[in-house]
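Asks: Below are the structure tokens for one structure; questions will follow.
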Amino acid sequence: TSVPADVLVREKEIAADKARQEGKPENMIDKIAEGRIGKFYKEACLLEQEYVKNTKQTIAQFLNAHSKGLTVTAFRRFTLNAE
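In this note's numbering, each residue carries its 1-based index in the sequence shown increased by 7.
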């Protein structure tokens, strides 16, 4: 999961600010932000995303279960009818 450090810092700041706006206790802000970073990884990192045919598995788990030597070296995202 290679997300640039500056992106992670920015996302954590956004998550912390959102928690503060929601009135969460200051001593819980870091834990809440870390939890939201975990959700961010599940959306932003291909290997952390749910496998479409089995949502209980991530892409990484599927690859490990079915092809030990298989790795993802690149991927492309296509969007149809985007406005």
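Note that the Cβ used here is the ideal one computed from N, Cα and C, for glycine as well.
Model, not experiment: these values are computed from the prediction.
1. Under DSSP, the alpha helix (DSSP H) around Lys63 begins and ends at which residues?
2. By Cβ distance, which residues of its chain are closer than 8 Å to Ala67, with the 5 residues on each side in sequence left out?
3. If you count every other CB in all the chains shown that lies within 10 Å of the CB of Ala40, and 16 or more means buried, which is it?
4. Report all residues from its chain with a CB closer than 8 Å to the CB of Ala23; omit the five preceding and five following residues, and keep chain order.
5. Once DSSP output is grouped into helix, strand and coil, what is the label at Glu20?
Replies: Well, looking at it:
1. Element bounds for Lys63: not the alpha helix (DSSP H) but the beta strand (DSSP E), Asn61 to Thr65.
2. The answer, listed in chain order, is Leu54 and Glu55.
3. Here Ala40 is buried: its Cβ has 16 or more other Cβ atoms, across all protein chains shown, within 10 Å.
4. So the qualifying residues of the chain are Ile36, Asp37, Ile39 and Ala40.
5. Residue state, collapsed to three classes: helix.
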